[in-house]
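In the numbering used here, the protein residues as written are 14 to 305. We put the beta carbon where it would ideally sit given N, CA and C, even for glycine. What you are looking at is a predicted structure, and each value in this text was computed from that prediction instead of being measured. Take a look at the structure below.
Here is the structure:
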């Protein structure tokens, strides 16, 4: 099944709530979003490099001239958090685990230039800028009279994920806790807990409009699709792990079905490797957290 096309660019998904969506070309470009309050703006995910931020900032300024007060990182990965510096003096906000992972991973400009050579000039401007404000399980930001909940219901895609939830508008910026048409990646996360978090979102969050880190604006089906993929890969990996098969053999045996047509299906090998770590008890034990 071919991946469908979808609307890209700036989309107003609720009054003064915007998603900045990218199509499937160039998966190094994440979705972002922003919320306009009475006295300022919150940006969700900073994007990656200066040239991306400049274009994004032009879109924001077409909507509002209010100051950007907060930038929330949904997690530490380069495409979501390496643009932080370009929003200063805004307050950078993330889960504690995101800040720690960003500092630990660092910014190897030469490595980044090799991986994304078309951004070489951009990388020379990169200055690692971790969050100045962090939280543990839940944080509420009042942007004027608008209430925004930052939620960390436990490790999923990474150990520092943040969900940005607007309960009144029923909008959820879900970051890479859900993928749409790009293969989920668990290399820094915990698959079993990701499954629990996904079930929690489906069962406990009253959200009708979801913005994934990659892919089109959706409803809760984006979580359901990610969940089915994770269950499939975990189930098959466990069978092969118990049989003593290698990661490579388990990955080759995987029957991905509809997910075989998603971008970068080869990510399954990294996901199986992470599950093998989990099965061997090599990953930090996730803390059990709630949504409310």
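Here's the rule: buried if 16 or more other CB atoms are within 10 angstroms of the residue's CB, otherwise exposed. What is residue i?
i	result
residue 135	buried
residue 44	buried
residue 300	exposed
residue 15	exposed
residue 240	buried
residue 220	buried
residue 280	buried
residue 216	exposed
residue 158	exposed
residue 238	buried
residue 166	buried
residue 58	buried
residue 155	exposed
From the DSSP output, read off the bridge partner residues of residue i.
i	result
residue 24	32
residue 171	201
residue 179	184
residue 46	32, 57
residue 151	164
residue 195	276
Where does residue i fall in DSSP's three states?
i	result
residue 119	coil
residue 295	coil
residue 254	helix
residue 300	coil
residue 214	helix
residue 238	helix
residue 79	coil
residue 267	coil
residue 156	strand
residue 208	helix
residue 108	strand
residue 2	Outside the displayed range of the chain (14 to 305) lies residue 2, so it cannot be described from this structure.
residue 84	strand
residue 243	helix
residue 18	coil
residue 101	coil
residue 225	strand
residue 145	coil
residue 126	helix
residue 260	helix
Tell me, to the nearest whole angstrom, how far the beta carbon of residue i is from that of residue j; I am working on the premise that it is less than 8 Å.
i	j	result
residue 171	residue 94	Actually they do not touch by this definition, with Cβ atoms about 11 Å apart.
residue 236	residue 205	About 16 Å; that fails the 8 Å criterion.
residue 298	residue 27	Contact flag wrong, Cβ pair sits at about 37 Å.
residue 243	residue 197	7 Å
residue 55	residue 92	With 8 Å as the limit, residue 55 and residue 92 do not qualify as a contact, their Cβ atoms being about 19 Å apart.
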